[in-house]
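Each remark here refers to the structure printed beneath this line.
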Amino acid sequence: MTDIEHEIEQPDERVPKRVIGTPAPGTSMLGDGEPAARDAEVAGVTYQDETKARKAEKIVALCFTITFLAAIAFIISYVVFQVGSPEKTAISNLALGGSLTLALLGLAVGIVVWVRQIMPKYSLIQERHPMVSDDDTREVVAETFLQGAKESGFVKRPLLRRTLLLAAAPLGLIPLVLLRDLDNSKMPGAKFNETLRHTVWGEKTKDGKPLRLVVEGTGQPIRAADFNSPGGILSVVPEGYQHDLNALAKATLILIKFRADEIKSGTNLNWTHDGIVAYSKICTHVGCPAALYEQTTHHILCPCHQSTFDAADGAKVIFGPAARPLPQLPITVDDQGYLIAKGDFAVPPGPSYWERGDAEAEARAKGGHA
Amino acid sequence: MSSDLTTVPKGIAGPSNFLDERIGGANFLKRNLRKIFPDHWSFLLGEIALYAFILLLLTGTFLTLWFKPSMGEIAYDGSYAPLKGVMMSEAYASSLEISFDVRGGLLVRQMHHWAALLFVSGMLVHMLRVFFTGAYRKPRELNWLIGVLLFTLALVEGLTGYSLPDDLLSGAGLRITEGVAISLPLVGTYITFFLFGGEYPGEDIISRFYSLHILLIPGLILALVSAHLVLMWVQKHTQMPGKGRTNKNVVGAPFYPAFMAKAGAYTLFTFAVVAGLATFTQINPIWLFGPYTPADISAGSQPDWYMGFLEGSLRLMPSWEINLFGTSHAGTLPLSVIIPALVPLGLVMTGLALYPFLERWITGDHSEHHVADRPRNNPHRTSIGMAAIVFYGVLWLLGANDELSANFQISLNWTTYIGRVLVFLGPALAYIITYRVCLGLQRSDAAVVSHGVESGVIKRLPHGEFIEIHTPAADDIEAHVRGKQAVPMLPVEADGAGIPPKGMRGPLGKLRARMSRAYGGEKIALDEGHGHGHEDEHAAIGSGEDRSLTH
Chain A
1 MTDIEHEIEQ PDERVPKRVI GTPAPGTSML GDGEPAARDA EVAGVTYQDE TKARKAEKIV
61 ALCFTITFLA AIAFIISYVV FQVGSPEKTA ISNLALGGSL TLALLGLAVG IVVWVRQIMP
121 KYSLIQERHP MVSDDDTREV VAETFLQGAK ESGFVKRPLL RRTLLLAAAP LGLIPLVLLR
181 DLDNSKMPGA KFNETLRHTV WGEKTKDGKP LRLVVEGTGQ PIRAADFNSP GGILSVVPEG
241 YQHDLNALAK ATLILIKFRA DEIKSGTNLN WTHDGIVAYS KICTHVGCPA ALYEQTTHHI
301 LCPCHQSTFD AADGAKVIFG PAARPLPQLP ITVDDQGYLI AKGDFAVPPG PSYWERGDAE
361 AEARAKGGHA
Chain B
1 MSSDLTTVPK GIAGPSNFLD ERIGGANFLK RNLRKIFPDH WSFLLGEIAL YAFILLLLTG
61 TFLTLWFKPS MGEIAYDGSY APLKGVMMSE AYASSLEISF DVRGGLLVRQ MHHWAALLFV
121 SGMLVHMLRV FFTGAYRKPR ELNWLIGVLL FTLALVEGLT GYSLPDDLLS GAGLRITEGV
181 AISLPLVGTY ITFFLFGGEY PGEDIISRFY SLHILLIPGL ILALVSAHLV LMWVQKHTQM
241 PGKGRTNKNV VGAPFYPAFM AKAGAYTLFT FAVVAGLATF TQINPIWLFG PYTPADISAG
301 SQPDWYMGFL EGSLRLMPSW EINLFGTSHA GTLPLSVIIP ALVPLGLVMT GLALYPFLER
361 WITGDHSEHH VADRPRNNPH RTSIGMAAIV FYGVLWLLGA NDELSANFQI SLNWTTYIGR
421 VLVFLGPALA YIITYRVCLG LQRSDAAVVS HGVESGVIKR LPHGEFIEIH TPAADDIEAH
481 VRGKQAVPML PVEADGAGIP PKGMRGPLGK LRARMSRAYG GEKIALDEGH GHGHEDEHAA
541 IGSGEDRSLT H
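Chains A and B, in that order, are what the protein sequence lines are.
Counting in the UniProt record's numbering, the first sequence runs without a single skipped number right up to 370 at its last residue.
Counting in the UniProt record's numbering, the second sequence runs without a single skipped number right up to 551 at its last residue.
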């Protein structure tokens, strides 16, 4: 095996930038040159030049020493730099991460130089054998299989075979049956979709009053008279459920104040109070909070998949993948002037599901507005 | 300098003897210590995924020592001042604790996240390499299937891990998962209630995802990775075409010591890159997002990169929804969720899994392949791969259309409209362009083989014309190019009486024959020559043994 041939095996190592088709370095343009003197004791193993190897050894040693020092630096950093505040954590992270990176890198580079500059170049050849076994072996296996099958009596005794299958069937079902109580609500399965139809806005407080709308975060009830600048918007949750995530996942509202002349026919005016409209904040696409509002265009935008709703016109869809408007919540004020829910949504809020059906038609049939 | 070893030192010989007497390890080592591994940069891509996986196991174990997979509400009492007293889940609080109250915790958490991104990236590019070089062909179809399964599992593993810290961003991902699950026809609500233990979000999902994320899925991945490596070891790695390399041999470096050392160094490089990223590049600063609540979201929420194509396809979809029966209690099909969530993923994964078998059906190729194809030499396969990449890429890009819109001042709606066209047009264009490029590259290979390469020597001909003398390509290059084999084809030609061969007669058979004729066969023969230029005037340089192309 000549040196030139060896080039073939390691083109990326030895000849980094050779243009395809051009001769390898050292190749004569006038046909094949003389094969270079062979340095290897075994064919396909070419030892490195000893002076080069000695130089490389020093580089490797340097790399390994860097790793040693960096690892020590890591341990020292661990003791010296404490965490707590973001600033202190940032410094600790830099010191620990920097020294760890350097330690790993030193070892990695050292070993690479070792392999490439000190270990021999290899171009060893091994034979492949077809994966398939030879015919004799296959025959023996087939015979053994048949012999075993015969000895077991599995084929000859159908009663045994059939009862074994019988036994296996329910046993296999057990793991599935055990999963039934994954649903912790312990409801019958048919009730699942019923619960999706209702939100806590249909509930009453302990003293039997309708739920107030309260500001998300502060929990303050909203006096209609105070929420009076057109274009204003609030994120609203039901009173008493500010920390109930299950309730919030369906009942969170976006509350918008309009001038009377801005509201279009898609919005149910009976469900508004003095130009204040409440829509479900839960996007009808896959349930992200439709949290962005553009005052000038009255567009509500969901940041997840950019479904866009026209808030002035019943939150109907004007762009994006959502197929249905954000349901409107009927609201009014109580005797103290605070905004309250008149009742639950007429249709289920949030993403669509199989049993939802045409809830809008049902709501209309009941004499309501969808 | 110390002298070399002449006998195995006692410290090694003793234990080796102990083991050999009990398990006969020497037989195995005799066969395998000098196992040959062929060399090519592209063979290292899968190793990135492997080493990233090892790092994920190490860093993940560290994280479990502090993480509390509980959705129980507590008031935060850690050292991150802005969230003091805020109600949050124990999962989020413990993620904050790892970040701010455990020395090295933030580093390891960021390493874990970066390693996860690198893990999926490594798998993807490795899979592309295997696809484009045809390394999935017999006998490696099973390993290819294991790989497709691993890739799917990695996506699920990423999804479950992303949801664990329970910050506002991770919750947004969870909400989308719920929205997709509940949209499934017939079983959607049941799946959702079983998964979340009741209504969304419930109090169970984090602990359930936790056991999936740290036990079940990594266990499966570990088992499949082991099977993947054992099969690779048994079947031996493919090699690129080149001098002395045939379908019956493998040329390269031995496992011990060279490949072993290289693999060790490569592991350390992967670790170092991840550690460097975790040190200098912030990822998922959960403390900025706050605890999860279904009532809030931050604009510009983005999933990890490997989920981006699903996000993009959800954004791209028009608002289609069907009510099958017109009744009010069943039959809703939210196509605007089901189609984008299931179809692209299904297409890509099913296509990947079936490709080796479809190709074999079309080419009728039942032989073993151990020499990898250069992508240009199977132009239809390469074009199909490029079309798939563009399809995936458009969806992926559209997953960030809000960022595109904000950074490039394009209307958000227009990014979607353009995306809807590009998702169909892009792959078609990619197919055509790639096909032409492949044929062009084959032609240039043919020119190198039959015409030689420019020597740099300019010669003036008697009538005044200047030409450049060509010289034969270097042996290794020529061997590499000549490694090309025609794509196999079924015997599709009709016999003398115009009757097509058996199995090609029905409609399916005719389709198969047509596809085979298009897919298989030699498009550009290597020795066809260049067909232009100075027929007899490429005088040889130097000696008469010149075999440059005087055809």
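In this text, a Cβ means the ideal position worked out from N, Cα and C, and glycines have one as well.
No experiment lies behind these values; they were computed from the predicted model shown.
Leaving aside the five residues before and after residue i along the sequence, list all residues of the same chain whose C-beta is less than 6 Å from its C-beta, in chain order.
i                      : result
residue 131 of chain B : 385
residue 238 of chain B : 135, 370, 372
residue 35 of chain B  : 255
residue 163 of chain A : none
residue 27 of chain B  : none
residue 241 of chain A : 200, 247
residue 141 of chain B : 356
residue 133 of chain B : 372, 373
residue 347 of chain A : 327, 359, 360, 363, 370
Along the beta strand (DSSP E) that carries residue i, what are the first and last residues, could you check?
i                      : result
residue 127 of chain A : 124-127
residue 278 of chain A : 276-280
residue 88 of chain B  : 87-89
residue 353 of chain A : Neither: residue 353 of chain A is in no beta strand (DSSP E) and is coded neither H nor E.
Grab the span of the alpha helix (DSSP H) containing residue i for me, first residue to last.
i                      : result
residue 299 of chain A : Not the alpha helix (DSSP H): residue 299 of chain A falls in the beta strand (DSSP E), residues 299-301.
residue 150 of chain A : 135-152
residue 48 of chain B  : 45-64
residue 278 of chain B : 260-280
residue 495 of chain B : It is not in any alpha helix (DSSP H) - residue 495 of chain B carries neither H nor E in the DSSP assignment.
residue 30 of chain B  : 25-32
residue 345 of chain A : No alpha helix (DSSP H) contains residue 345 of chain A, which DSSP labels as neither H nor E.
Near residue i, which residues of its chain fall below 8 Å by C-beta distance, leaving aside the five closest residues on each side in sequence?
i                      : result
residue 124 of chain B : 151, 306
residue 230 of chain A : 257, 258, 259, 262, 275
residue 352 of chain A : 284, 323, 324
residue 4 of chain B   : none
residue 244 of chain B : 251, 479
residue 412 of chain B : 401, 402, 405
residue 565 of chain B : For chain B, the structure presents residues 1 to 551; residue 565 of chain B sits outside this window and is missing.
Is residue i helix, strand or coil by DSSP?
i                      : result
residue 540 of chain B : Residue placement at residue 540 of chain B is flagged as unreliable, the pLDDT there being 45, under the threshold of 50; the coordinate-derived value follows with that caveat. Here residue 540 of chain B sits in coil by DSSP.
residue 66 of chain A  : helix
residue 328 of chain A : strand
residue 285 of chain A : coil
residue 203 of chain A : coil
residue 46 of chain A  : strand
residue 322 of chain A : coil
residue 340 of chain A : strand
residue 290 of chain B : coil
residue 333 of chain A : strand
residue 263 of chain A : coil
residue 74 of chain B  : strand
residue 130 of chain B : helix
Looking only at DSSP bridge pairs, what is residue i linked to?
i                      : result
residue 161 of chain B : Note: residue 161 of chain B sits in no beta bridge, so no partner.
residue 310 of chain A : A:299, A:316
residue 323 of chain B : B:332
residue 37 of chain B  : B:253
residue 273 of chain A : A:276
residue 256 of chain A : A:233, A:277
residue 521 of chain B : B:487
residue 293 of chain A : A:300
residue 371 of chain B : B:239
Consider the C-beta atom of residue i and the heavy atoms of the ligand COA; say whether any pair is separated by less than 6 Å.
i                      : result
residue 360 of chain A : The model depicted lacks the ligand COA and carries no ligand whatsoever.
Counting only Cβ pairs nearer than 7 Å, list the residues of chain C close to residue i.
i                      : result
residue 126 of chain A : Absence of chain C from the displayed structure is noted, the protein chains being A and B.
Using a Cβ-Cβ cut-off of 7 Å (strictly less than) and excluding sequence neighbours within five positions of residue i, which residues of its own chain qualify?
i                      : result
residue 488 of chain B : 363, 364, 365, 520
residue 103 of chain A : 67, 70, 71, 74
Considering only residues of the region 325-360 of chain B, which uninterrupted beta strand (DSSP E) runs meet the minimum length of 3 residues and lie entirely inside it, listed in chain order?
The DSSP assignment places no complete beta strand (DSSP E) segment of no fewer than 3 residues inside the region 325-360 of chain B.
Whole alpha helix (DSSP H) elements within the region 158-241 of chain B, 4-residue minimum
Qualifying alpha helix (DSSP H) stretches, in chain order: 168-183, 188-196, 205-211, 217-235.
Ignoring anything shorter than 4 residues or poking outside the region 192-246 of chain A, list the alpha helix (DSSP H) runs there in chain order.
Listed in chain order, the complete alpha helix (DSSP H) runs (minimum 4 residues) inside the region 192-246 of chain A are 192-197.
Which runs of the alpha helix (DSSP H) at least 4 residues long sit entirely within the region 420-486 of chain B? Give them in chain order.
Runs found: 475-482.
Which runs of the alpha helix (DSSP H) at least 4 residues long sit entirely within the region 68-122 of chain A? Give them in chain order.
Qualifying alpha helix (DSSP H) stretches, in chain order: 86-113.
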